[in-house]
Amino acid sequence: MKGPFTSLPPTAGFGLRHPHVLDIIDRPPAIDWVEVHTENYMVAGGPRLRQLDAIRESFALSFHGVGLSLGSVDEPDRAHLKRIRDLVRRYRPAALSDHIAWVRAPAAMDGNPSGGPSLNDLLPLPCTEEAVNILARNIAIFQDATGCQVMVENPSMYAAFAGAELDHAAFVAETVSRAGCGLLLDVNNIHVSAHNLGFDAAGYLAEMPFDAVGEIHLAGHAEREDAAGTLLIDDHGSRVRDAVWDLYDQAIGVTGPVPTLVEWDTEIPALDVLLAEVATAQARLDALPGAPQVAS
Amino acid sequence: MTGLADIQARFAAGVFQGSDAPLADLVDDGRQAARFAVYRNNTHASILDVLADAFPTLQTLLGDRLFTRLVTAFIRNAPSRANHLLDYGAELPGFIALSEPLADRPWLVDVARLDWTRNAAYAAADATPLGPSALQGLTPEALMDLRLSLIPSAVPLASGWPVHAIWMNAAAFADEQIRPRDEHVLVARPGMQVETLLLHPAEHALLAALHGCGSLGEAAMAAQEADPSFDLMTAFAGHLSGGLFTASEP
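Protein chains in written order, with the working numbering: chain Z, 4 to 299; chain W, 46 to 295.
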């Protein structure tokens, strides 16, 4: 079955981080939804859950995971799946997602009974049939355990593995198709990876399975110079760059209005700055042909 | 082409042990080492941030440079084996206790334990506290046989070091040779704020006995032994109205 992969409204929201939580509970801004990192709410009690209860009163929620490690050779951790399922039952998010990436190394690496070590980062995969098969298996387990149609996010990459059997775009498209899941299309990740690995961002975007896109991510990135050139670092620490807005326009030109999220995770600015970036995204959605006209 | 399991194991070894093995798996464009360094740095920097949040007193005492070295050694020896880092750091006090380079600062173990207990209290399960009226009408015998639990966030700590004073003003103790002095502390989150209270030794004996599932009578005895002159009833009533107790699990 295809889609809809999300029941978020097709408007712009932002990734809610700790410094803004009390602000938006006290004075809810005029947006429809926010996204939180699922792992931040895997607590037994205390203020975080209480705050999420309050946030849910004003906004639809998207749960975006960073820890399930869908690209690990081992199957997803059952305790972690259960925590996700419990949060889904309690908060009924309008969207549930994680990444095309791995976080935990194989348990066989050192035979620890608690499983492989976590690198606490979204790590790249080789573009191989084996990796696509593992992702498809793990995404299916994720969907079965939560009873949700999930989305997975295309990766940002600094290095590529040798021995690729598919190109980067085909690897993402094939994963989504074989897993029967949605695509969380991160256009900043496309720009960063294209620069770092030397492929054409617009060409990659054109290969994405647009009928599976349930959400788009926007974010800023940084430049790091070394002797051999510039690496773009996906640090979510600044405003969205023009080249990324161009990719966004290209994407929504195909998909039409789609839930769009601004992520800002380091050097987190005042809420006004973040909301201005959200308004820019919303203006681009509003300018699409056939979008509802805003009364003046 | 080698399998994904091998690639991931070599990559992790490159991040944790600093081995160069993963470079051979990457596309050879002359910049593999710089590219891989981004990942190695991401892992260490992100975990350092998490542990700095959880151990603010320890970080102030050690200073940034030494704290970073400690965290690097901890990550290498006891990496997280969960899909989130909310519990990562529970083993750091024990790791410090066995650390040769830190053996001349034995107070760090208890400082780290206090930091971690506060961190854990923030996310601990909520519970409905007993109100003062819950104990009304009990005979003295029934009261002494009563088993009360502390709320899940509450942990009484005893230290041979002035951990509460250090926690209150860590900067004043940085780089100091700290002199031993017994201190007793209660960490608890009766509402939404984590509290860190200095306890009288007898008060600690009372709460530690209750925390260890003793009856109120046993706890009162422990407090009397610690200090016969201690005003037990006032202290107990204060913690009761402060929401520290909950009905014991049957």
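Built from N, CA and C at the ideal position, the CB exists for glycine as well.
Buried or exposed by the 16-neighbour rule on C-beta atoms within 10 Å, applied to C258 (chain W): That one is exposed.
Residue from Z:I219, Z:I34, Z:M154 whose Cα sits closest to the Cα of L264 (chain Z): Here the closest residue by C-alpha is Z:I219.
Residue burial classification, L143 (chain W) (beta-carbon count within 10 angstroms, cutoff 16): L143 (chain W) comes out exposed.
Own chain residues within Cβ distance below 7 Å of M4 (chain Z), not counting five before or after: At M4 (chain Z), the pLDDT of 42 sits below 50, so the modelled position is not reliable; the number obtained from the coordinates is stated separately. Closer than 7 Å at Cβ, skipping near neighbours: no residue.
Extent of the continuous alpha helix (DSSP H) run through E226 (chain Z): Boundaries around E226 (chain Z) are those of the beta strand (DSSP E), 225-229, since no alpha helix (DSSP H) includes it.
Alpha carbon of P260 (chain Z) to alpha carbon of L244 (chain W), nearest angstrom: In this model, P260 (chain Z) and L244 (chain W) are separated by some 60 Å (Cα to Cα).
Rounded C-alpha distance that separates E228 (chain Z) from H209 (chain W): C-alpha of E228 (chain Z) to C-alpha of H209 (chain W): approximately 46 Å in a straight line.
Residues, ordered as in the chain, of the segment 125-159 of chain W that lie near chain Z by beta-carbon distance below 7 Å: Within the segment 125-159 of chain W, those residues whose Cβ lies closer than 7 Å to any Cβ of chain Z are, in chain order, S125, R126, A127, N128, H129, L130, L131.
Interface flag, M46 (chain W) vs chain Z, CB-CB below 7 Å: Unreliable positioning characterises M46 (chain W) in this predicted model, as indicated by a pLDDT of 40, which lies under 50. A coordinate reading is not provided.
Min CB distance F62 (chain Z) to chain W below 7 Å: For F62 (chain Z), the answer is no, since every Cβ of chain W falls outside 7 Å of its Cβ.
Any non-hydrogen atom of the ligand MG within 6 Å of H83 (chain Z) CB: By its list of ligands, the structure shown contains no ligand whatsoever, and the ligand MG lies outside what it can speak to.
For G217 (chain Z) and M154 (chain Z), believed in contact at Cβ under 8 Å, the rounded distance: With a Cβ gap of about 5 Å, M154 (chain Z) and G217 (chain Z) count as contacting.
Neighbourhood of I52 (chain W) by C-beta distance below 6 Å, restricted to the same chain and skipping five residues each side: D70, listed in sequence order.
Minimum Cβ-Cβ distance from S133 (chain Z) to chain W less than 7 Å: According to the sequence displayed, residue 133 (chain Z) carries Glu and not Ser. Closer than 7 Å: yes.
Residues near S180 (chain Z) in its chain [Cβ-Cβ closer than 7 Å; skip 5 each side]: Within the same chain, Cβ atoms closer than 7 Å to the Cβ of S180 (chain Z) are found at P212, the five residues on either side in sequence being excluded.
Per-residue contacts from N192 (chain Z) into chain W (C-beta, under 9 Å): Residues of chain W passing the Cβ test: none, with the nearest at roughly 14 Å.
6 Å Cβ shell around L19 (chain Z) - same chain, five flanking residues per side excluded: The residues V37, V39, in chain order, have a CB closer than 6 Å to that of L19 (chain Z) in the same chain once the five nearest residues on each side in sequence are set aside.
L187 (chain Z) and E210 (chain Z) closer than 7 Å at C-beta: With contacts defined as CB atoms closer than 7 Å, L187 (chain Z) and E210 (chain Z) fail to qualify as a contacting pair.
Proximity below 7 Å, CB of A50 (chain W) to CB of V281 (chain Z): No, Cβ-Cβ distance for A50 (chain W) and V281 (chain Z) is not below 7 Å.
Closest by C-alpha distance to A99 (chain W), when choosing among W:G75, W:D132, W:A54, W:A233: Distance check between A99 (chain W) and each of W:G75, W:D132, W:A54, W:A233 places W:D132 closest, using alpha-carbon atoms only.
Inter-residue Cα distance where the pair is H89 (chain W) and D73 (chain W): Using only the alpha carbons, I get a separation of about 25 Å.
Residue burial classification, T131 (chain Z) (beta-carbon count within 10 angstroms, cutoff 16): So T131 (chain Z) counts as buried.
R30 (chain Z), DSSP secondary structure in three states: R30 (chain Z): coil per DSSP, three-state reduction.
Minimum Cβ-Cβ distance from R80 (chain W) to chain Z less than 7 Å: Answer yes: the Cβ-Cβ gap between R80 (chain W) and chain Z drops below 7 Å somewhere.
For S204 (chain W), the three-state DSSP class (helix, strand or coil): The DSSP-derived three-state label of S204 (chain W) is strand.
Straight-line gap, D214 (chain Z) to T258 (chain Z) (C-alpha atoms, nearest Å): Pairing D214 (chain Z) with T258 (chain Z), the inter-Cα distance amounts to about 7 Å.
Nearest residue (CA-CA) to A217 (chain W), options W:Q269, W:S178, W:T105, W:M266: Of W:Q269, W:S178, W:T105, W:M266, the residue nearest in Cα terms is W:T105.
Rounded C-alpha distance that separates A58 (chain W) from L242 (chain W): Between the alpha carbons of A58 (chain W) and L242 (chain W) lies a distance of about 43 Å.
Sub-7 Å separation of N199 (chain Z) and L235 (chain Z) beta-carbons: It is a contact, given that the beta carbons lie within the stated cut-off.
Test item: CB-CB of A253 (chain W) and P201 (chain W) under 7 Å: In this structure, P201 (chain W) lies closer than 7 Å to A253 (chain W) by Cβ.
Selection from Z:G201, Z:F174, Z:L208 that minimises the alpha carbon distance to D189 (chain Z): Of the listed residues, the one whose Cα sits closest to D189 (chain Z) is Z:L208.
Contact set for S178 (chain W): own chain, Cβ-Cβ below 7 Å, skip 5 residues either direction: Cβ contact annotation for S178 (chain W) (same chain, cutoff 7 Å, sequence separation greater than five): none.
Per-residue contacts from N115 (chain Z) into chain W (C-beta, under 8 Å): Chain W residues near N115 (chain Z): R126.
7 Å Cβ cut-off: residues of chain W touching I137 (chain Z): Within chain W, the C-beta atoms nearer than 7 Å to that of I137 (chain Z) come from L49, in chain order.
Q53 (chain W) at chain Z interface by Cβ criterion, 7 Å: Interface criterion met: the Cβ of Q53 (chain W) is under 7 Å from a Cβ in chain Z.
Length-filtered (3 minimum) beta strand (DSSP E) runs lying within the segment 119-195 of chain W: Along the segment 119-195 of chain W, the beta strand (DSSP E) occurs as fully enclosed runs of 3 or more residues at 193-195, listed in sequence order.
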